[in-house]
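All remarks here apply to the structure that follows.
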Amino acid sequence: MMFIKCMEMRMGFVRFLVLLIAIFALFSMSILASGFEISGVGTKARGMAGAFRSVADDWTAAYYNPAGYARLYDSEIGANFAFVNYRYDLDPNFYWGGIYSSGIYNDQVNYNNHEILSNPSGGFLTRLPLFGEVTTGLSVFQLFDQNNTWNLYDLPLAYNDSLTLPDDQYSVNLDVVAFQLTVAKDISDNMSVGIGLQLLRADLIHSNIYFRTNPYYPSPIAVRPWDKVTEIAKVDGNGYGFGVNLGVLYDISEKAKLGLNAKIPFNITVDGDARLSFFQPKISYIDSSASDDPGTQGTAGNLFVAGAQIDNNADFESELKLPTSFGFGLSYQLTEKFLISFDAEYTLLSKFEGLNYTFTNHRGLSGAADTIALVNDFFTADLDNPVEWQDCGKVALGMLYDYNDYFTFLGGVSADQSPSRENGILTPQFIETGDTYMFNFGLIWHYRQYDFGFVTSYSSYPVLSSPLLVDENEDGIFENMNGLYSGEFYETVLSFNYRF
């Protein structure tokens, strides 16, 4: 009877924690700010530079190696809050034909909007008498993340001297959050296996400027500077998908462990609302030699001389192709207090091809913009935002030192291979300037059943030059912004864990 009563109490507590983590997850969806840029989960793991696959001894094993849950005999609840600051700079060299001004803020260092972004995560786990005994848990964390905003352009006065552009001209806020159910079990005295079943939620807000070829080119109303029409497209949508996280933890010896892990997210279809804004040329006087008199209000040609802003609202859809990753880790307990670990990971980032949009259900166009095929096709065209990334590797070395019963010190360094090392298409929204090194340091304060952690990290992006404008699919739209790119990354993580 006592055993049954204890199990009922534990299951009741588990139900309460499920509700708690669901509330936390919904809250986190609203504040996640900022692929891509995310550096991991958890204070201990981040303090060790991510070299955690073979350690995997707290709730964050759900992210690094689910098999680690099988070695955790206490129930546990934990959360961490990462505060990140991405400081990028860009010196563009965006000239038409290499000579003519485009309106881009060329030959000066521009900075992204400097913000302190919040990235929370959390989870809990407990042991259950199923199939002998298994450890299971629920957790929520970010898998992929990209967030930055730039103001890099203004309309040339000769093009249009009356319209005002928004500040978020080049921006991205892409979050992929995993809600993961983890199950792990010992299958022998020295081997454990685990699996994480993931429901993925992708949220995307993206804006970009496209310099579109004037549909009247090369008529007199489409000569420079009116040969390229400025379009700003902003999309806001979300989608759901699934993923799997597999892990193995093996005791090589009493002091050495090996961890293996594979993360397999499936593609997600993202859809939502799009606003396509066209900032049209303003030509005070023009020869009326176009096929329809551009000086006559209401004609299609007049749309390209009157200097108005034309807005087209639509639905959009895009397939988000998320990369698979594989990794292994080794750890060794040098002394009773000192542990070192090494991780290596390979990510198939070439699978991510950018953000390509299909637009449907157009609304807001009227008159000639809606009825004349030449200009209607222009205002309703689909848009591509290709990214040329290569598969890349990462290695990390971490250390953990239990100073006494109250304090544990953490340290680590990692090296990331750049997916843009062949310098294909660089854009302000997706910046990868070269191989980077990250340095981490932190500590954990142990108080009874509680652990409170602090970690700080720093990384510097090397300077990378993108010398040429690229029109990958030959549609007249340059997919990149050429210039000099560089940047820095700062992160502070706070956490708590409670075991019971």
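What the sequence shown shows, in the working numbering, is residues -1 to 498, in sequence order.
Ideal placement from N, C-alpha and C gives every residue a C-beta, glycine not left out.
Quick one: residues in its chain with C-beta nearer than 6 Å to the C-beta of Gly245, no 5 flanking neighbours on either side, listed in chain order?
-> The count along the sequence shown starts at 1 and reaches residue 245 at position 247. Asn63, Pro64, Ala65, Gly192 and Asn259, listed in sequence order.
Neighbour-count burial assignment, Val268, 16 or more Cβ in a 10 Å radius | As a first step, residue 268 is located in the sequence shown; it is residue number 270 there, counting from the start. Under this definition Val268 is a buried residue.
Express the C-alpha separation of Ile442 and Asn310 in angstroms, rounding to a whole number.
-> For this step, residue 310 is matched to residue 312 along the sequence shown. For this step, residue 442 is matched to residue 444 along the sequence shown. Each residue's alpha carbon lies about 53 Å from the other.
From Phe209 to Phe276, what distance separates their C-alpha atoms?
-> Your numbering for residue 209 matches position 211 in the sequence shown. Your numbering for residue 276 matches position 278 in the sequence shown. Cα to Cα, the separation comes out at about 10 Å.
Own chain residues within Cβ distance below 7 Å of Asn104, not counting five before or after = Residue numbering aside, residue 104 sits at position 106 when the sequence shown is read from its first letter. Cβ neighbours of Asn104 beyond the five flanking positions: Pro90, Asn91, Phe92 and Tyr93.
Inspect the beta-carbon positions of Val508 and Phe142 and report whether they are closer than 8 Å.
-> In this structure the chain extends from -1 to 498, so residue 508 is not present and cannot be described.
Run the CB neighbour count on Gly325, radius 10 Å, all protein chains shown included, and call it buried at 16 or more, exposed below.
-> By 1-based counting over the sequence shown, the position of residue 325 is 327. Answer is buried; the Cβ neighbour count reaches 16.
Have a look at Ser416 and Thr431 and give me their C-alpha separation to the nearest angstrom.
-> Locating residue 416 in the sequence shown gives position 418, counting from the first residue. Locating residue 431 in the sequence shown gives position 433, counting from the first residue. Using only the alpha carbons, I get a separation of about 7 Å.
With DSSP as the reference, label Phe374 as helix, strand or coil.
-> Working through the sequence shown from its first residue, we reach residue 374 at position 376. First, the residue type needs correcting, since residue 374 is Asn and not Phe in the sequence shown. Three-state result, Asn374: helix.
Taking Cβ positions, are Phe494 and Gly76 nearer each other than 8 Å?
-> On the sequence shown, position 496 is the one that residue 494 refers to. On the sequence shown, position 78 is the one that residue 76 refers to. The answer is yes: Cβ separation under 8 Å.
Tyr483 versus Arg69 - alpha carbon distance | One-based indexing of the sequence shown puts residue 483 at position 485. One-based indexing of the sequence shown puts residue 69 at position 71. If you take the alpha carbons of Tyr483 and Arg69, they lie about 45 Å apart.
Along the chain, where does the beta strand (DSSP E) that runs through Thr322 open and close?
-> Counting from one through the sequence shown, the residue named residue 322 turns up at place 324. From DSSP, Thr322 is part of no beta strand (DSSP E); its letter is neither H nor E.
Beta-bridge partners of Leu141, as assigned by DSSP = Within the sequence shown, residue 141 is the residue found at index 143, counting from 1. Leu141 has no beta-bridge partner at all, per DSSP.
Reducing DSSP to helix, strand and coil, say where Lys392 ends up.
-> As a first step, residue 392 is located in the sequence shown; it is residue number 394 there, counting from the start. The answer is strand: DSSP assigns Lys392 an E or B state.
List the residues that DSSP assigns as beta-bridge partners of Asn158.
-> By 1-based counting over the sequence shown, the position of residue 158 is 160. None; Asn158 has no bridge partner.
Three-state secondary structure (DSSP) at Lys280?
-> For the purposes of this step, residue 280 is taken as residue 282 along the sequence shown, with counting starting at 1. In the structure shown, the three-state DSSP call for Lys280 is strand.
Roughly how many angstroms separate the alpha carbons of Leu381 and Leu202, rounded to a whole number?
-> The count along the sequence shown starts at 1 and reaches residue 381 at position 383. The count along the sequence shown starts at 1 and reaches residue 202 at position 204. Computed Cα separation, rounded: 16 Å.
Report the option in Leu172, Thr358 and Phe302 whose CA atom is closest to the CA atom of Arg273.
-> One-based indexing of the sequence shown puts residue 273 at position 275. Measuring C-alpha to C-alpha distances from Arg273 to each of Leu172, Thr358 and Phe302 identifies Thr358 as the nearest.
Measure the CB-CB distance between Ala49 and Ala371 and report whether it falls below 8 Å.
-> The count along the sequence shown starts at 1 and reaches residue 49 at position 51. The count along the sequence shown starts at 1 and reaches residue 371 at position 373. Not a contact, by the Cβ cut-off of 8 Å.
In angstroms, rounded to a whole number, what distance separates the CA positions of Pro218 and Gln278?
-> Numbered from 1 along the sequence shown, position 220 holds the residue referred to as residue 218. Numbered from 1 along the sequence shown, position 280 holds the residue referred to as residue 278. CA-CA distance, Pro218 to Gln278, rounds to 15 Å.
Leaving aside the five residues before and after Glu420 along the sequence, list all residues of the same chain whose C-beta is less than 7 Å from its C-beta, in chain order.
-> The count along the sequence shown starts at 1 and reaches residue 420 at position 422. Correct list, in chain order: Gln388.
Can you give me the start and stop residues for the alpha helix (DSSP H) that Asp201 sits inside?
-> Mapped onto the sequence shown, residue 201 falls at position 203. Not the alpha helix (DSSP H): Asp201 falls in the beta strand (DSSP E), residues Met189 to Thr211.
Can you round the beta-carbon distance between Asp87 and Tyr109 to whole angstroms, since I take them to be within the 8 Å contact cut?
-> Here the question's residue 87 lines up with position 89 in the sequence shown. Here the question's residue 109 lines up with position 111 in the sequence shown. Their Cβ separation, rounded to whole angstroms, is 5 Å, which keeps Asp87 and Tyr109 in contact under 8 Å.
Tell me whether the beta-carbon of Leu320 lies closer than 8 Å to the beta-carbon of Asn265.
-> In the sequence shown, the residue the question calls residue 320 occupies position 322. In the sequence shown, the residue the question calls residue 265 occupies position 267. Closer than 8 Å, so yes.
In the DSSP assignment, what are the bridge partners of Trp443?
-> Reading the sequence shown from its first residue, position 445 is the one you call residue 443. Looking at the DSSP output, Trp443 bridges to Phe405 and Phe450.
Which residues bound the alpha helix (DSSP H) around Gly121?
-> Locating residue 121 in the sequence shown gives position 123, counting from the first residue. Looking at the DSSP string, Gly121 is not in any alpha helix (DSSP H); the run it does join, the beta strand (DSSP E), is Leu115 to Leu126.
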